[in-house]
Amino acid sequence: MHVVVIGTGPAGITAAETLRRLDPHGSVTALSAEPFPPYSPVALADHLLTGREGPLFWKGQDAARRLGIEERRGAVVRGVDTDNREVVLDDGARLAYEGLVVASGSRLHAPLEGADLPGILDFKSLSTARSLLARVRSQECRTALVVGNGFIGVELSLLLADLGVDTTIVGRRSWLMPRALDRETSAIAEAAVRARGVTLRLGVEATAFIGNPANGVRLADGSALTADLVLAATGVKPHIGHLADSAIQTDWGVLVDDSLRTSAPGVVAAGDVAVTRDYMTGERYVHAIFHNAVRQAPIAAANLLGAQLTYEGAEAMNSLKHLGVPIVAVGSTDNPDAVLRWGDGQQLRSVYLRDGRITGAQLAGNIRSIGIYRSLMRRRIDVSPFGHRLVEPRFGLADLLFDVLP
Ligand SMILES: Cc1cc2nc3c(=O)[nH]c(=O)nc-3n(C[C@H](O)[C@H](O)[C@H](O)COP(=O)(O)OP(=O)(O)OC[C@H]3O[C@@H](n4cnc5c(N)ncnc54)[C@H](O)[C@@H]3O)c2cc1C
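Residue numbers 3 to 408, in this note's numbering, belong to the letters of the sequence shown in order.
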């Protein structure tokens, strides 16, 4: 089969690799809007700080040649003609496909007045990250405002602080990474972020970017904050503009069934662009993390070739890489009927339960047990026999062998 893959991010390149492996006589054309080999955004901060290329170009800079994929860089898809099975590029060229993988990922979502002002930087792609670094290195930038207190905002702020920029985070919610961390775990992250010299303005709503080029934000109380650099880390939105006139149904992202097929024949989707089912809650939303992208891509690719694989559902999982204190969160903290906690000032373990089953877990300081919690959660095992022992540091595999498994 001849397959076109839109995107060479983690989902796109993994899908392309799978297609070549499962269908060695077929052909794959992988398109990227950017001028780079396939890269992983997870390694952007490390790359900017250290210059290391290995983790960034995680499949190797020669991935396409090695895998036998025709790779086209700087090939921006403008539309998909699902009736004639053709992809339309920005320059008007049309590429025929028998199968199509939509893996166009996500972009910055900044629902704030003035978000289109020149000079607002983001940390969503290698192109934007490099222009950010160029601005910092130009020496004209000594102060930065990061709007958004989620994971990317925190990671970006730590990077800027490490580069010697006096950085302030402005966030609407009153604690860091509120969608992923509970207040107690977040307090540990907050102390670490402050210790790195980042100023936090939390519980403060930025209503608009100001200046032209942008040099600050207006706050809900009418006051303003200004800085040499203004960065938006306000969330992400799937890249779906190019699917507008096609038979591929979308809402926030591309709608897929549990086999990751879209509404258009011969078209699958994977990664940050796809609205997938959460395996715990059953809710459908975009789970914009690496792990889900590379788990979905092989299933989508195999199903495009005729397999009948079912995707088990996406997982909410976050970890902080550059904080100095390891922190990891899995699952959800919504509507628990019990929360177990253990902490000693250095470590904190929190487990969220509903009907005796784990719905979420957060670890800070020492994250070794996350695999056990995750496994208990995924298998929906009744953990009530453990009581509070579940969060104590000595809890381990041996407890499981004797107490739970038959
Ligand atoms: C700074 C940062 C740090 C992160 N850290 C973590 C982390 O620690 N852990 C974690 O799990 N996740 C992390 N993530 C999220 C993770 O990187 C994403 O979930 C993952 O990259 C999704 O892969 P993807 O292939 O679906 O999309 P993307 O990586 O966004 O790739 C999309 C691809 O589509 C191409 N494209 C888009 N539109 C078009 C078009 N119209 N035509 C042609 N090509 C197009 C792009 O050029 C790109 O090649 C981080 C993200 C960022 C930005």
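Glycine included, C-beta positions come from ideal geometry on N, C-alpha and C.
A Cβ-Cβ contact shorter than 8 Å links H244 with R80.
Secondary structure within the region 211–253: the beta strand (DSSP E) runs of 3 or more consecutive residues, fully enclosed, are 216–221, 226–228, 231–234, 238–240 (chain order).
Ranking V341, L50, F153 by CA distance to the CA of V238 puts F153 first. In the DSSP annotation of this structure, the continuous segment of the alpha helix (DSSP H) that includes N294 starts and ends at 292–306. Straight-line spacing of the CA atoms in R174 and I242 works out to 27 Å. According to DSSP, Q364 shares a beta bridge with A331, S352. Fewer than three pairs of CB atoms, one per stretch, sit closer than 8 Å, so the region 188–201 makes no contact with the region 112–124.
Check the Cα spacing between P387 and each of P395, D357, S371: the tightest is with D357. Look at the beta carbons and you see the region 174–183 not touching the region 71–85: under three pairs across the two are nearer than 8 Å. Set against 7 Å, the gap from the CB of E19 to the closest heavy atom of ligand 1 is not smaller.
The beta carbon of F292 sits closer than 7 Å to at least one heavy atom of ligand 1. Assignment of D48 by DSSP, reduced to helix, strand and coil, places it in the helix class. Taking the Cα positions, S377 is about 14 Å away from A318. Per DSSP, Y41 has no beta bridge partner at all. Exposed is the label assigned to Q310, since fewer than 16 other Cβ atoms lie within 10 Å of its Cβ. Looking at L123, L33, A17, V148, the one whose alpha-carbon comes closest to that of N294 is A17.
When the beta-carbon positions are compared, N305 and S352 stay at least 8 Å from each other. For D274, the CB falls within less than 7 Å of some heavy atom of ligand 1.
At least one heavy atom of ligand 1 lies closer than 7 Å to the C-beta of G14. Taking C-beta atoms as the reference points, A249 and S265 count as a pair closer than 8 Å.
Within the region 160–214, the runs of beta strand (DSSP E) at least 3 residues long that lie entirely inside it are, in chain order, 168–173, 201–204, 208–213.
With a minimum length of 3 residues, the unbroken runs of beta strand (DSSP E) contained wholly in the region 60–125 fall at 72–75, 79–83, 88–91, 96–98, 101–104, 108–110.
Of the other Cβ atoms in all chains shown, 16 or more fall within 10 Å of the Cβ of K126; this residue is therefore buried. Of the heavy atoms belonging to ligand 1, at least one sits nearer than 7 Å to the Cβ of T10.
In this structure, the alpha-carbon of S159 lies about 25 Å from that of G273. One thing to note: V275 has its Cβ within 8 Å of the Cβ of A105. Contact between V393 and R359 is ruled out by a C-beta separation of about 15 Å, above the 8 Å threshold. Only buried fits N151, as 16 or more other CB atoms lie within 10 angstroms of its CB. Distance between P39 and V277, taken at the CA atoms: about 26 Å. Taking C-beta atoms as the reference points, E73 and A32 count as a pair closer than 8 Å. Each residue's CA atom was taken as its position, placing G308 and I15 some 19 Å apart.
With respect to the C-alpha of I383, the residue from R132, P395, L355 having the closest C-alpha is L355. The DSSP-derived three-state label of T16 is helix. Here G373 is not near S334, since their CB atoms are 8 Å or more apart. Among the bridge pairs identified by DSSP, R343 is matched with S352. Contact between the region 60–73 and the region 96–105 is absent, with fewer than three C-beta pairs closer than 8 Å.
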